[in-house]
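Each remark here refers to the structure printed beneath this line.
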Amino acid sequence: MPGRHINLPVFTAAFAAVIFGLWWVPIRFMESLGMHGAWAGLSLNAAAAVCGLVWFAILRPPFEVSRRALIGAMFAGVAATLYSTAIVYTDVSRAVLLFYLLPAWSKLIEWLLWKQPWRWTSTLAIAAALTGAYLVLGGEIVGGALNAGDFMAIGSGLAWGIGAAMIFSGGRAPVFPVTWVMVISAAVVAAGIALFEPTPTIATRVVPVSFGIAIIYILPLLALSLWSAQRLAPVVFSFLLTGELLSGVISSAIFLDEPFGWMQVAGAALIVLAAVSEIFSRQDVGELPLHSDQKLPE
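What follows is the structure, given as structure tokens:
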């Protein structure tokens, strides 16, 4: 039955989303070691890329990844770096919430790429996501309201939406090569951004800490997320990832004492509504492939 077939990817994506909400913890910790801005993400993703290289050198697994999945992994790497850098340059809660314009991007991608029908709920999803972002920003969208971190958070959601769509439509592939390509892409983009930032004084602990976090947190989390992205349609995947909103916003509010008033609460609710509306409006599963065993439009 379809429900049984997609349960594991659904649960995996939901679990990964909750853990993703704590992404700010290693980033802010690396910042405390002097790795400001894009340098934090660069150190972690470079360590993850080296670990992947060692894995390939020892096991020599086949690198069987379609061109579409390869491009999708690259976009996912761009998203990871933009998001990691956004966490440094803006409030964690703002970065998390602005990233979650993702359901709107995913709906637009499905409509443009796969010619999926546009319902009234699709308009609702776009309107709710944009209104939610407006409230998250405190009701201001011009002048000094948007900082560099805000733009990066919005860009990361768009890049992740494109990447998830490409990975899903690229067919099944061994998840580790896809993950490796993602962290290499993330490291390259981070290095490009870091060129415009002050060079940090690298503490002795940075290298072992980076490898430890990459092995224990970064690589397993990305592998779980990309494995799910291969099997769940982008709009479904985006909906499940909203679990990150809870863990990210709540944890940052508790441990970072970031301002989070009624406008941000209302904005978060609207962004969740944007993700939920499109999912529960689908009476006929056949209108949208929910997992990649179903035939996709070219």
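Here the working numbering is used: the first residue of the sequence shown is 4, the next is one more, and so on.
By construction, the Cβ of each residue, glycine as well, lies at the ideal position given by its N, Cα and C atoms.
Inset, instruction - Check the C-beta distance from Leu104 over to Ser250 and give it rounded, since I have them as a contact under 8 Å. - result: Actually they are not in contact, since the Cβ atoms of Leu104 and Ser250 sit about 19 Å apart, beyond 8 Å.
Legend entry - the stretch 13-24 in contact with the stretch 233-249 per 3-pair CB rule at 8 Å: yes
Inset, instruction - Could you check the C-alpha separation between Ile74 and Ala272 for me, to the nearest Å? - result: 32 Å
Inset, instruction - Determine the DSSP secondary structure at Arg7, reduced to helix, strand or coil. - result: Because Arg7 sits at a pLDDT of 47, beneath the cut-off of 50, its placement in the model cannot be relied upon, and the point is left open.
Inset, instruction - Thinking Ala52 and Ile187 are a contact (beta carbons under 8 Å), I'd like their distance in whole angstroms, please. - result: 5 Å
Inset, instruction - Determine the contact status of Val209 and Gly44, defining contact as a CB-CB distance below 9 Å. - result: no
Legend entry - Boundaries of the alpha helix (DSSP H) in which Met1 is found, first to last residue: Residue 1 falls outside the range modelled here, since the chain spans only 4 to 301, and no answer is possible.
Legend entry - Integer Cβ distance of Ala167 from Ala132, believed to fall under 8 Å: In fact, because the Cβ distance is near 16 Å, the residues do not count as touching under 8 Å.
Inset, instruction - Would you kindly work out how many angstroms separate the C-alpha atoms of Ala193 and Glu200, rounded to a whole number? - result: 11 Å
Inset, instruction - To the nearest angstrom, report how far apart Leu85 and Ile129 are at their CA atoms. - result: 22 Å
Legend entry - Inter-residue Cα distance where the pair is Asp153 and Ala269: 18 Å
Inset, instruction - Would you kindly check if the distance between the Cβ of Gly135 and the Cβ of Leu276 is under 9 Å? - result: yes
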